[in-house]
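What follows is a single structure, written as C-alpha cells, with notes after it.
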Amino acid sequence: MYIVDSHCDSIEKAEAGVFGIVNPYNFSRRHPQLQFVALFCGDEGVTPPEANALIHRYIARFRLAMEEEGERIVPVTSYSGIERAFAEGKHGALLTLESGTGLMGDRAILRQCYDMGIRVVGLTWLSNDLAMSNRIAEGEADTGLTALGREMVEEGNGLGMIFDVSHGSDRTFWDLMELAEKPPLATHSNFRAVCPHSRNLTDEMAVALFKSGGMVGLNLCVKFISEDEVGRTAEGLFRHLDHGLSLGGEEHMGFGCDIDGIGGVYPSPLSEGESIHDRLIELMLRENYSESLVRRIAGGNYLAYLKRWLG
C-alpha cells in the first residue's frame, strides 16, 4: 500500500525548529508516502514582497530538510521521481504553493517557482488576492479570476503546473475548471452537503471535478467535517467519504489531511501521538470499507492522477 497526502503545513514547523518534514505523526511508519508540502505565504497583513521572501525562505528550509533527512525522504517533481523514491524505500515530498501573494503579479516569478520545484499552485488563501477571489467571498465580492489571475493560469498551463481550487471562491472554482489545462485538485476540502462550510465543495463542484479527472483530498479540519462538535470524529470524516462515493468519486478522492495547519486539533480518535495516516487506514478497514477502496483512497487514486498529469 502507498500513501499520498495532498496537503500539510509542516514546513512552518521545520522552519521553527520543532520537527523536520518527517515527524512522528505526519508520516506512515508502515508504507511509503508521498507528501505534498505547502509553502504558505498568504497570511493576513503580509505584503507581496514579504510573501515572496517567505517563498524563498521556505524553499531554503525545505532543501535543508531534504539534506538532513535524506535517508528517509527525497524531493520529487515528477512521477518517475516518485517511483524512484518508493523503489528505494523512501518517502517523497512534492512542493505546492498556498496563496499567490508572493507571486507579486509577475509571471516570471511563477516560472521561477516552477524552476525551484513547485508543481501545484493555489492562487489565493483567506483574502482576495491579486489573481482571484477566495473561498469566503460572496455576492459582488466574488469576482472569480481577475485578468491577472487568468494570465497566471495561462502561464501555469504553459509550464505544466496543476492548480488547486481549495481556497478559491465558488466563481473562481468554475473559472479554473474552464481555464486550467490539467484537471484541478481540491487538495484539502470536504463536501458542503455534509458540512455547510464555504471551504467545502458543493455537489455540483464535486461532480464536475470528478468528471474532469481531478481529485479531492479529504481534510481533517474539524470545522470542515461537522458543524457540531459531536460529529467531529473519524466517523464524521467518513460521512464525507461516503458522500463523495455517492457522487461518483471512488477513483477521485484521497487524503488531504492539512496536518500542522489546523492547530493540532484532529477528529477523534486521531491525534499527534501516532501516525495519523496509519490510524486512518486502520479505522477505514474497521468500518468495513473494502481493502481495494482503502488502497485507492490512501494513495492509489492520487498516484494514478500524478502518473497521468504530473509529468
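According to this note's numbering, the stretch in the sequence shown is residues 1476 to 1786, in order. Cβ coordinates follow ideal geometry from the N, Cα and C atoms, glycine included.
- When you compare only the Cα positions, how much space is there between E1630 and T1708? 41 angstroms
- Give the straight-line distance between the Cα atoms of M1728 and N1675, rounded to the nearest whole angstrom. When rounded, the distance between both Cα atoms is 14 angstroms.
- Could you tell me which of M1690, G1592, G1723, I1486 sits nearest to A1540, measuring between CA atoms? I1486
- Message: Quick check on the DSSP output: what are the complete alpha helix (DSSP H) runs of length 4 or more inside the stretch 1726-1769, in order along the chain?
- Response: You should have 1751-1761.
- Task: Pull up the CB-CB distance for E1747 and G1739, whole angstroms please, since I reckon it's below 8 angstroms.
- Result: 6 angstroms
- Message: Quick check: what's the CA-CA separation for S1574 versus K1782?
- Response: 25 angstroms
- Item | Spatial distance of S1765 from T1552 (CA atoms) | 31 angstroms
- Exposure label - M1607; buried when at least 16 CB within 10 Å: Bear in mind that the predicted position of M1607 carries a pLDDT of just 47, short of 50, making it unreliable; the figure below should be weighed with that in mind. Label assigned to M1607: buried.
- Message: Helix, strand or coil, according to DSSP, for P1524 in the structure here?
- Response: helix
- Task: Taking only the alpha-carbon atoms, compute the straight-line gap between E1558 and I1548 and give it to the nearest angstrom.
- Result: 13 angstroms
- Tell me whether V1596 is buried or exposed, calling it buried when 16 or more other Cβ atoms sit within 10 Å of its Cβ. buried
- Residue range of the alpha helix (DSSP H) that M1627 falls in? 1622-1634
- Query: Would you call the CB atoms of M1652 and V1640 closer than 9 angstroms?
  - Reply: yes
- Query: Taking the alpha-carbon positions, what's the M1579 to N1763 distance?
  - Reply: 48 angstroms
- Message: Can you give me the C-alpha to C-alpha distance between G1775 and Y1500, rounded to a whole angstrom?
- Response: 21 angstroms
- Which one of F1685, F1515, T1647, Y1741 has the shortest CA to CA distance from K1698? Y1741
- Could you tell me the distance, in whole angstroms, from the CA atom of H1531 to the CA atom of A1491? Between H1531 and A1491, the C-alpha separation is close to 15 angstroms.
- Item | DSSP three-state assignment for N1609, whether helix, strand or coil | Because the pLDDT of N1609 is 47, which lies under 50, any placement of that residue in the model is unreliable, and the number read from its coordinates should be weighed accordingly. In this structure, N1609 counts as strand in the three-state DSSP scheme.
- Task: Give the secondary structure of R1783 by DSSP, where H, G and I count as helix, E and B as strand, and everything else as coil.
- Result: helix
- Using three-state DSSP, classify F1685 as helix, strand or coil. helix
- Item | Residues near M1680 in its chain [Cβ-Cβ closer than 7 angstroms; skip 5 each side] | F1648
- Contact check, R1502 vs Q1508, beta carbons under 9 angstroms: For clarity, residue 1502 is Phe in the given sequence; the question names Arg instead. In contact: F1502 and Q1508 (Cβ atoms closer than 9 angstroms).
- Can you tell me the Cβ-Cβ gap for C1588 and L1572, rounded? I've got them flagged as a contact below 8 angstroms. Rounded, the Cβ-Cβ distance is 6 angstroms, consistent with contact.
- Sequence-distant residues of its chain with Cβ nearer than 7 angstroms to D1617 (five each side left out): S1608, S1644, D1645, R1646
- Message: Tell me which residue opens and which closes the alpha helix (DSSP H) that F1713 is part of.
- Response: 1709-1721
- Determine the extent of the alpha helix (DSSP H) in which E1490 is found, giving its start and end residues. 1485-1490
- Item | Residue range of the alpha helix (DSSP H) that includes I1584 | 1582-1590
- Item | Same chain only: Cβ atoms within 6 angstroms of I1478, ignoring 5 sequence neighbours per side | S1503, H1506, Q1508, H1752, A1773, G1774
- Task: Tell whether a beta-carbon distance below 9 angstroms holds between H1663 and N1632.
- Result: Contact: no.
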